[in-house]
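Participant: Okay, so the sequence shown: first residue is 1148 according to the numbering used here, each after it adds one.
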Amino acid sequence: MNEFEFIDWVRKLSKDAEASCVKTGIGDDLAVIDVAGQKLLLGSDMLIEATHFTFAAATPEQVGRKALAVCLSDCAAMAGKPLAALVSISKPAATDTQIVKQIFSGISKLAKKYSCPIVGGDTCSGTEKLTIDISLLGICENTEPVLRSGAKPDDTIYVTGRLGGSILGKHLHFEPKIQQARWMAKNLPLTAMIDISDGLSSDLNHICEESKCGAELRSDWLDSVIAPEAEKIAKQDSYSPIEHALNDGEDFELLVTISSLPPEQLPELPQGITLLPVGKITSEADIKIIYPNGTGENLPPKGYNHFS
Ligand code: ADP
Ligand code: MG
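(1) Measuring alpha carbon to alpha carbon, tell me which residue in G1190, V1169 and I1173 is nearest I1180.
(2) Leaving out five residues on either side along the sequence, give the residues of the same chain with a beta carbon under 6 Å from the beta carbon of I1279.
(3) Please report the straight-line C-alpha distance between I1254 and I1286, rounded to a whole angstrom.
(4) Please name the residue or residues paired with N1445 in a DSSP beta bridge.
(5) Name the DSSP bridge partner or partners of I1286?
(6) Report the three-state DSSP secondary structure of P1207 (helix, strand or coil).
(7) Please report the Cβ distance between W1368 and P1424, rounded to the nearest whole angstrom; I am assuming they are in contact, meaning their Cβ atoms lie under 8 Å.
(8) With E1275 and L1315 assumed to form a contact (beta carbons below 8 Å), what rounded beta-carbon distance in angstroms separates them?
(9) With a floor of 3 residues, list each beta strand (DSSP E) that falls wholly inside the stretch 1258-1336, ordered by position along the chain.
(10) Regarding D1342 and the ligand MG, is the C-beta to nearest heavy atom distance less than 6 Å?
(11) Note down the Cα distance separating M1331 from P1410, rounded to an integer number of angstroms.
(12) Beta carbon of L1441: closer than 6 Å to some heavy atom of the ligand ADP?
(13) I need the straight-line Cα distance from V1293 to N1445, nearest angstrom please.
(14) Can you check whether the CB of T1290 is closer than 7 Å to the CB of A1226?
(15) Would you say the beta carbon of I1173 is closer than 6 Å to some non-hydrogen atom of the ligand ADP?
(16) Quick check on the burial criterion: 16 or more other C-beta atoms within 10 angstroms. Buried or exposed for S1348?
(17) Would you kindly check if the distance between the Cβ of I1380 and the Cβ of D1302 is under 7 Å?
(18) For P1409, report the span of its beta strand (DSSP E) as first-last.
(19) Check K1382 in the structure and name its three-state DSSP category.
(20) Would A1231 pass as a contact of L1284 if the rule is Cβ separation under 7 Å?
(21) How many Å lie between A1339 and H1320 at the Cα?
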């Protein structure tokens, strides 16, 4: 049973207890809870030493920054505004408290930048690996949350930036696209959105599964979303730049589907917002790459998967 099959199992198990205030439960970037008519967003993300980071490759400050940034990225993926966070941390007994303080320094700088106060949490010692778990509360103001489940056939699929090779640095210093997502939700007919944490092929698959549709990615469009870092890392391993763009995780760009808005009809976008087309949603069940000569190839989801 892989990570996603396990989450599906938890989702079925949890269905019975869902109350009417739960507008969106397990299966989206954050849950949507209706509290007195307000759409609150709620979710959590955990980072574990050796699985998600190492202190050989990242400073404690960078690790702290990333732990909050991944939560903020999920908030962006709902077009939400962050309100507050809870930070729980557990360290091996031998880890110096100074390290934990530096982690918190990284968290609190980003919290300040995104007006997301740390309002609580928990502190423990004794785990084998240092573990940080952050829960985030957000809100959708003046827009509806943009879910994974709203994509429709013929919607155009866009990404907000170039992809691949994030391990060379972007996975530590990316900016969560909070403002950009809120602008898009207000000004464009978005139908679905997700942040690219697992990899384009996997995250598009999440949208397709939730929206019960398929997708066709155009290979010529994909060529222009390959990040320079994907080209660079492809020289060091056996994967091509396009494979890195499709399957590397942790770019934390947004993947959006927009109704009736092909690239030639996109309005002028404000500074700081980029939309690069990659394909369109179809009524088929699968995701394909279409080549200029019209032939197609199935694209299996190959992004990161815990439990597999
Ligand atoms: P993301 O990559 O956007 O952070 P995940 O792949 O971590 O999303 O999670 C997908 C969905 O599954 C989310 O709605 C998340 O809240 C839910 N989820 C993941 N693990 C669990 C769990 N152990 N219990 C309940 N829900 C879970
Ligand atoms: Mg996400």
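Note that the Cβ used here is the ideal one computed from N, Cα and C, for glycine as well.
Facilitator: Reading from the atomic positions:
(1) V1169
(2) L1194, A1214 and I1236
(3) 20 Å
(4) K1435
(5) L1187 and K1228
(6) helix
(7) 5 Å
(8) Their Cβ separation, rounded to whole angstroms, is 29 Å, which puts E1275 and L1315 out of contact at 8 Å.
(9) 1265-1272, 1278-1286 and 1303-1306
(10) yes
(11) 15 Å
(12) Checking the sequence, you will find Gly at residue 1441 rather than Leu. Not under cutoff, so the answer is no.
(13) 27 Å
(14) yes
(15) yes
(16) buried
(17) no
(18) Note, P1409: premise wrong, no beta strand (DSSP E); not H, not E.
(19) coil
(20) yes
(21) 25 Å
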